[in-house]
Amino acid sequence: QDKNSTLNENKNASNDTQSSVANNLKEEYSIKLNNTKLEAEKLKATDSSTYALKKVEDDRWELWDKLLNEIYGELKEQLSPEEMELLRDNQRQWLKDRDDQALEASLKFKGGTQEHLEYVAVLANLTEERCYELVDRYMK
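The numbering of the sequence shown is our numbering, which starts it at 210 and goes up by one.
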């Protein structure tokens, strides 16, 4: 009886530790999200040229895309194979939708200097939103 009691206590302690680590991981990524947002807000164009504005949006998208990939990699470790398969399908559709939305938004400026700027700005905005969504919805 004492042996079973000790095993159950150890199992409960192990579950508590895993839960605590998971909560800390979600908190850690919430902090990373906020830090990335602050870092993205600090990005400023060196001048008012379209080139400088594009550079800012490219850098902003790169920040969020890097974090998105990091979050996705972390979720591969956390989720069950079944949950990961669902997320993988969901992510593929999200990528297609994101790219379609960015293209649609950029077509307002087709052939103009703003076309690429709008495309990358929409990519950055949607990727930022997706980072928050993945942490909130999937991270344990």
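Here a beta-carbon is modelled for each residue, glycine too, at the ideal position from N, C-alpha and C.
CA-to-CA distance, residue j to residue i, given in whole angstroms
i: His-325; j: Val-265; result: 12 Å
i: Asn-243; j: Phe-318; result: 31 Å
i: Glu-248; j: Leu-335; result: 17 Å
Where residue i falls, given that 16 or more other Cβ within 10 Å makes a residue buried
i: Leu-252; result: exposed
i: Arg-301; result: exposed
i: Leu-295; result: exposed
i: Thr-245; result: buried
Opening and closing residue of the alpha helix (DSSP H) in which residue i lies
i: Gly-282; result: 259-287
i: Asp-306; result: 290-315
i: Tyr-341; result: 323-346
Assumed close pair residue i, residue j - CB separation to whole angstroms, cut-off 8 Å
i: Leu-312; j: Tyr-328; result: 7 Å
i: Leu-332; j: Arg-307; result: 7 Å
Between the stretch 268-285 and the stretch 340-348, are three or more C-beta pairs nearer than 8 Å? These segments touch.
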